[in-house]
Amino acid sequence: MNVVRWGMIGCGSVAERKSGPAFYKAPGSALVAVMGRRLDAVSDYAARHGIARVYTDAAALINDPEVDAVYIATPPDSHHAYALRVAAAGKHCCVEKPMSLNAGQSREMQAVFAEAGLHLFVSYYRRSLPRFQQVRQWLEEGRIGEVRHLTWTLTKAPSPADLDGADNWRTDPTIAGGGYFADLASHGFDLFQYLLGDIVEVAGFTARQAGLYAAEDAVSASWRFASGAMGMGCWNFVADRREDRVELIGSQGRIMFSVFDEHPVQLEADKSLSLDIDNHQHIQWHHVLGMNAHIRGETKHPAVAGQALKTDWVMDQILKRG
1 MNVVRWGMIG
11 CGSVAERKSG
21 PAFYKAPGSA
31 LVAVMGRRLD
41 AVSDYAARHG
51 IARVYTDAAA
61 LINDPEVDAV
71 YIATPPDSHH
81 AYALRVAAAG
91 KHCCVEKPMS
101 LNAGQSREMQ
111 AVFAEAGLHL
121 FVSYYRRSLP
131 RFQQVRQWLE
141 EGRIGEVRHL
151 TWTLTKAPSP
161 ADLDGADNWR
171 TDPTIAGGGY
181 FADLASHGFD
191 LFQYLLGDIV
201 EVAGFTARQA
211 GLYAAEDAVS
221 ASWRFASGAM
231 GMGCWNFVAD
241 RREDRVELIG
251 SQGRIMFSVF
261 DEHPVQLEAD
271 KSLSLDIDNH
281 QHIQWHHVLG
291 MNAHIRGETK
301 HPAVAGQALK
311 TDWVMDQILK
321 RG
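In case it helps, UniProt numbering puts the sequence shown at residues 1 to 322.
Pasting the structure below:
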């Protein structure tokens, strides 16, 4: 197929700028239908983004004969059920991250799509971003020698909504599979395994230090990559300030970057570099291009279910979830 025709389930904040526009603006891609539970909200989204067909029933969108693939842009507790329905309809699929509530659900999703000969992608779009392609290039060139250790610190202060106890699916473990850690750290663990290989051993601790919501607000963990490199992380969402810093320590230098913030990507080795590499205004742009090329058989896209399962396993070990 020259143009992959996507249908989208969910039209919340992630679909407004990060992902939705990429599906209809990227070459070889079209967003032909959108589904939301509230007719007024989904109709408004479709009108503003020029999407032809509107649904309030997921099954109707999934079975629309004009839809080739379905993007599931809803909270994690719905990914498993929606994805299985997409596979039953014989269509390709992309789910938002995390892939599901736990590795057990994700493993079943991956197996069902593989058996049907269909593609299942996960929105770990950082694998496709130019800034992290630069980090990967430095590593492949051996610019810092053998990687010895990775450290990630991610902190933020509680938001007014956190302090007020407002409803937030991201801090409800029954919907998100965890708290902000599950929502955000999954991006990092997927990226780290893309850059440095599989994590084979991991241990962690969690706490509810401020008790503002049901999910954990503080997490620490350490792990080991198959290569022998080590890693450790600190995630605290009731801290004094925002910080997002990754440091890769090598035998001959270091690389520093942020997972979420657009700070310069820095190399300290025989030659020091600090590069400002901006993200696309629609941050899933490169991810969408990669999925469509994969579906057309032109290339292999790295953000597939089999890779996402590795991150689900890591998260299960740290959060001690089944």
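Cβ atoms here follow ideal geometry from the backbone N, Cα and C, with glycine treated the same way.
Open item on the list: So for residue 225, helix, strand or coil by DSSP?
Closed with: Here residue 225 carries a strand assignment [DSSP, helix/strand/coil].
- [ ] Please state whether DSSP places residue 220 in a helix, a strand or coil.
- [x] It is a strand residue.
- [ ] Please report the Cβ distance between residue 282 and residue 22, rounded to the nearest whole angstrom; I am assuming they are in contact, meaning their Cβ atoms lie under 8 Å.
- [x] Residue 282 to residue 22, Cβ: 4 Å. Contact.
Open item on the list: Quick check: residue 73 and residue 15, are their CB atoms within less than 7 Å of each other?
Closed with: Going by C-beta atoms, residue 73 is nearer than 7 Å to residue 15.
Task: Separation of residue 213 from residue 181, as counted between CA atoms - done: When only Cα atoms are considered, residue 181 and residue 213 end up about 13 Å apart.
Open item on the list: Need the endpoints of the alpha helix (DSSP H) that residue 306 sits in, please.
Closed with: Per DSSP, residue 306 belongs to the alpha helix (DSSP H) from 305-319.
Open item on the list: Do residue 243 and residue 171 have their beta-carbon atoms positioned less than 7 Å apart in this structure?
Closed with: Not in contact: residue 171 and residue 243 (Cβ atoms no closer than 7 Å).
- [ ] Report yes if the CB atom of residue 288 is closer than 7 Å to the CB atom of residue 29, and no otherwise.
- [x] The Cβ atoms of residue 288 and residue 29 lie closer than 7 Å to each other.
Open item on the list: Can you give me the C-alpha to C-alpha distance between residue 258 and residue 245, rounded to a whole angstrom?
Closed with: The straight-line gap from Cα to Cα measures roughly 5 Å.
TODO: Spatial neighbours of residue 35 within its chain, please: CB distance less than 6 Å, with the 5 preceding and 5 following residues excluded, ordered by chain position.
DONE: Within the same chain, Cβ atoms closer than 6 Å to the Cβ of residue 35 are found at 9, 55, 58, 61, the five residues on either side in sequence being excluded.
- [ ] Please name the residue in 71, 85, 81, 78 whose C-alpha comes closest to that of residue 63.
- [x] In this structure, 85 is the residue among 71, 85, 81, 78 with its C-alpha nearest to the C-alpha of residue 63.
Task: Segments of 4+ residues assigned as alpha helix (DSSP H) that fall wholly inside the UniProt domain "GFO/IDH/MocA-like oxidoreductase" (132-255) - done: Counting whole runs of 4 or more residues, the UniProt domain "GFO/IDH/MocA-like oxidoreductase" (132-255) contains the alpha helix (DSSP H) stretches 160-164, 173-176, 186-196.
TODO: Mark residue 123 as exposed unless 16 or more other C-beta atoms lie within 10 angstroms of its C-beta, in which case mark it buried.
DONE: By the Cβ neighbour-count rule, residue 123 is buried, with 16 or more other Cβ atoms within 10 Å of its own.
Open item on the list: To the nearest angstrom, how far is the alpha carbon of residue 49 from that of residue 272?
Closed with: Each residue's alpha carbon lies about 43 Å from the other.
Task: Exposure label - residue 310; buried when at least 16 CB within 10 Å - done: Residue 310 comes out buried.
Task: Beta-bridge partners of residue 7, as assigned by DSSP - done: Note: residue 7 sits in a beta bridge opposite 33, 70.
Open item on the list: Need the endpoints of the beta strand (DSSP E) that residue 23 sits in, please.
Closed with: Looking at the DSSP string, residue 23 is not in any beta strand (DSSP E); the run it does join, the alpha helix (DSSP H), is 20-25.
Open item on the list: Helix, strand or coil for residue 263? Go by DSSP, reduced to three states.
Closed with: Coil, per DSSP.
Open item on the list: Could you check whether residue 98 and residue 75 sit closer than 7 Å to each other, using their CB atoms as the reference points?
Closed with: For the 7 Å CB-CB criterion, residue 75 and residue 98 do not form a contact.
TODO: Can you say whether residue 216 is buried or exposed, counting buried as having 16 or more other CB atoms within 10 angstroms of its CB?
DONE: By the neighbour-count criterion, in which 16 or more other beta carbons inside 10 Å mark a residue as buried, residue 216 falls on the buried side.
- [ ] Starting from the Cα of residue 46, find the closest Cα among 168, 79, 277, 7 and give me that residue.
- [x] Taking the Cα of residue 46 as reference, the smallest distance to any Cα among 168, 79, 277, 7 is reached at 7.
- [ ] Say whether the segment 228-236 touches the segment 147-163, bearing in mind that this needs 3 or more beta-carbon pairs closer than 8 Å, one atom from each stretch.
- [x] Verdict: yes, contact present.
TODO: Indicate the three-state DSSP secondary structure (helix, strand or coil) for residue 124 in the structure shown.
DONE: Looking at residue 124 - three-state DSSP - the assignment turns out to be coil, as it is neither helix nor strand.
Task: Reference residue 208, options 120, 158, 251, closest by Cα - done: Of 120, 158, 251, the residue nearest in Cα terms is 158.
Task: Under the three-state DSSP convention, the category residue 258 falls into - done: In the three-state DSSP reduction, residue 258 falls in the coil class, being neither helix nor strand.
TODO: Going by DSSP, name the residue or residues bridged to residue 54.
DONE: Paired residues: 34.
Task: For residue 273, the first and last residue of its enclosing beta strand (DSSP E) - done: 273-275 is the span of the beta strand (DSSP E), which, as asked, contains residue 273.
Task: Residue span of the beta strand (DSSP E) that contains residue 92, given as start and end - done: Note, residue 92: beta strand (DSSP E), 92-95.
Open item on the list: Using only the alpha-carbon positions, how far apart do residue 319 and residue 2 sit?
Closed with: Each residue's CA atom was taken as its position, placing residue 319 and residue 2 some 42 Å apart.
Open item on the list: Could you tell me the alpha carbon to alpha carbon distance between residue 292 and residue 131, rounded to whole angstroms?
Closed with: Rounded to the nearest whole angstrom, the CA to CA distance from residue 292 to residue 131 is 21 Å.
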